[in-house]
Amino acid sequence: MFTSRRLFKAVVIGTVGLGTLASLRTNEYDISAIGIVRLSRAALTVFDIGRYYKRELYDSKLDKTSPEYLQLKSNAHKYGAQKLLELCCTNKGVYIKVGQHIGALDYLLPQEYVHTMRVLHNAAPQSSFNDVLTVIKEDFKRSPYEIFQSIDPEPLGTASLAQVHRAVLKNGDVVAVKVQHRAVKSNSYVDIKTMSTLVRITSLIFPDFKFDWLVKETKRNIPQELNFTQEGENAEKVQRLFKNYHWLKVPQIYWDLSSSRVLTMEFLEGGQVNDLEYMHDHQLNPYEITSKLGRLYSHMIFIEGFVHSDPHPGNILVRNRDSQAEIILLDHGLYADLSDQFRWDYSKLWLAILDSDRVAMKKYCGRLGVEDYYGLLSVMVSGRTWETIMSGVRKTRYDISEKEMFQQNVPNLLPQISNVLDRVNRQMLLILKTNDLMRSIEYSLHTQSRMTAIIEMSKCCVRSVYGEKFRQCSSAWDKCWVSLAERWALLKLSFYYMYLGLIHFDLNNSVNSLWTKDFYPF
1 MFTSRRLFKA VVIGTVGLGT LASLRTNEYD ISAIGIVRLS RAALTVFDIG RYYKRELYDS
61 KLDKTSPEYL QLKSNAHKYG AQKLLELCCT NKGVYIKVGQ HIGALDYLLP QEYVHTMRVL
121 HNAAPQSSFN DVLTVIKEDF KRSPYEIFQS IDPEPLGTAS LAQVHRAVLK NGDVVAVKVQ
181 HRAVKSNSYV DIKTMSTLVR ITSLIFPDFK FDWLVKETKR NIPQELNFTQ EGENAEKVQR
241 LFKNYHWLKV PQIYWDLSSS RVLTMEFLEG GQVNDLEYMH DHQLNPYEIT SKLGRLYSHM
301 IFIEGFVHSD PHPGNILVRN RDSQAEIILL DHGLYADLSD QFRWDYSKLW LAILDSDRVA
361 MKKYCGRLGV EDYYGLLSVM VSGRTWETIM SGVRKTRYDI SEKEMFQQNV PNLLPQISNV
421 LDRVNRQMLL ILKTNDLMRS IEYSLHTQSR MTAIIEMSKC CVRSVYGEKF RQCSSAWDKC
481 WVSLAERWAL LKLSFYYMYL GLIHFDLNNS VNSLWTKDFY PF
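Written out as structure tokens, the structure is:
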């Protein structure tokens, strides 16, 4: 329970943290002034949110199951989310990145926070055009207009760490130029330090919630995302891995016009993946799009172990190419590079979930670090209720009532969810974020009831599991038997889904129901 004594302890910790930051120096950054301002702003926001929760919610004498109390809780979440959004927009940089992460956890956090923070995916504060030109000049040691024939002053999009401008090269090529916010690199070091102190404060005010995982994850990921050279290499790796996916387009990189803070790439146009009106106008099939995305991400996670981990709608475009849906994948700064062991354990966990096998779920959740929370992790991974998992995910279609039930129960499990996120294998954090963003896209396209994604994912899980067995074979004869066993398992899987009638159902939905007026909500 929130107490004044706990708040006082938080103030003491915050004061010590401020003093520590004021004494810190590095070779590159002077932390004292910047760090104190940014941490003070963040600490005051946490205190403000804490006081509001205490006054409006925790001091309430209402029954915690009553509609009145639940409304008070929702109001407190809305207040806290709005204050957090204001902090992210003011401090910018890493704070926006953390806010985007919160906005991606659709099934794991209160909806008031998720919906409020989601605006940061497409409406992050932008740098001035003068700052953009300065970064280009600093990195290439010459005027931007010696490199580009023209650069649009208004950005195409703005993210937490950079913004993208349309430009024209001297030879007439149209390109997209991603330019890092000028101060974001220097501020990122300060932000990580201040956030660590902030988490200590927050843990005193809200002891049931563990946020260390978020700081650790941010600290690990930010250097990757700030290195645009690595982002370009990630883009080219995806092109190589999925060269046979003729419907996947990744922009080409102009290496001679790129640096660690500037990335020049092929300019590609399309509609955002959640824009139903664009799809209708351009004769695009939402079921085809979600099926292709499901195939792509299943292959990334279970087969390649190299996963694009920021698939929010602004980073995935679609367009009609030769009467087929083409997927354009942007922003390759953040990837989950999964170990083989994690990939195999995660594949087996999914197969256990699909088979409603509690023993296997417990075993593989244990390998991922949370055996005692195996039920909760299975729910978090699948985005389905425990009742659905036990009755059969393959047999039970997802609908709006299940989503509502899921989200009604999430607030009651936040301390346990926080504990799982703090203890689970670190590789799982980006996967959970990716899963939720993909589900959010499906929900926006009204295709969440389809089963083609489950079919594709099941096949990839089987291939992953048999891939492990194949590696362990010591003779050509053993490899032959494993290969035959894999093919038989995939064949049985296809027959199973055909028996359930899922493929037929999805094809009917795609062909017969797609273009009816009732499908599109406008």
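Residue numbers (the UniProt record's numbering): 1 to 522.
Even for Gly, the Cβ is constructed at its ideal location relative to N, Cα and C.
Item	Value
Please classify Glu288 as buried or exposed, where buried requires at least 16 other C-beta atoms within 10 Å of its C-beta.	buried
Give a yes or no on whether 8 Å exceeds the smallest Cβ distance from Gln111 to chain C.	Any reference to chain C falls outside this structure, which holds one protein chain only.
Looking only at its chain, what residues have a beta carbon closer than 7 Å to the beta carbon of Leu493, apart from the 5 residues adjacent to it on each side?	Ser458, Lys459, Val462
Rank Ile431, Gly103, Met279 by C-alpha distance to the C-alpha of His115 and give the top, closest one.	Gly103
By a C-beta neighbour count over all protein chains shown, 10 Å radius and 16 as the cutoff for buried, is Thr194 buried or exposed?	buried
So, at 8 Å on beta carbons, what are the nonlocal neighbours of Thr218 in its own chain, with the 5 sequence-adjacent residues on each side left out?	Val94, Lys97, Val98, His101, Ile192, Met195
Measuring straight from C-alpha to C-alpha, what distance separates Ser186 and Met265?	25 Å
Around the C-beta of Glu269, are 16 or more other C-beta atoms found within 10 angstroms, so that it is buried, or is it exposed?	exposed
DSSP on Thr26, reduced to helix/strand/coil?	Unreliable positioning characterises Thr26 in this predicted model, as indicated by a pLDDT of 43, which lies under 50. The coordinate reading is nonetheless provided below. In the structure shown, Thr26 sits in coil (DSSP, three-state: anything other than H, G, I, E or B).
Which class does Tyr466 belong to by DSSP, given the choice of helix, strand or coil?	helix
Please state whether the Cβ-Cβ distance between Phe148 and Val135 is less than 8 Å.	no
For a test of the three-state rule: what should DSSP assign to Ser323, helix, strand or coil?	coil
Out of curiosity, what's the CA-to-CA distance linking Leu414 and Lys92?	26 Å
Are the segment 310 to 323 and the segment 351 to 363 touching by the rule of at least three beta carbon pairs closer than 8 Å?	no
Please classify Thr158: is it buried, with 16 or more other beta-carbons within 10 angstroms of its beta-carbon, or exposed?	buried
How is Leu263 classed by DSSP in three states: helix, strand or coil?	strand
With C-beta atoms as the reference, is Ser298 less than 8 Å away from Leu430?	no
Quick one: Cα of Thr90 to Cα of Ser160, how far?	12 Å
Can you pull the DSSP bridge partners for Leu317?	Gln272, Ile328
By the three-class DSSP mapping on this structure, what secondary structure does Phe47 have?	helix
For Asn435, which option in Leu84, Leu490, His312, Tyr52 has the closest C-alpha, if you only look at C-alpha atoms?	His312
What is the C-beta distance between Leu334 and Asn221, in whole angstroms, given that I count them as a contact (C-beta under 8 Å)?	6 Å
Can you tell me which of the three DSSP states Tyr79 falls into?	helix
So is Arg384 buried or exposed if we call it buried at 16+ other beta carbons inside 10 Å?	buried
Which partner residues of Ala167 appear in the DSSP bridge assignment?	Ile151, Val175
Between the segment 252 to 263 and the segment 223 to 239, can you find at least three pairs of beta-carbon atoms closer than 8 Å?	yes
Here's a check: name, in chain order, each residue in its chain whose Cβ is nearer than 8 Å to the Cβ of Glu468, leaving out the five neighbours to either side.	Asp340, Trp344
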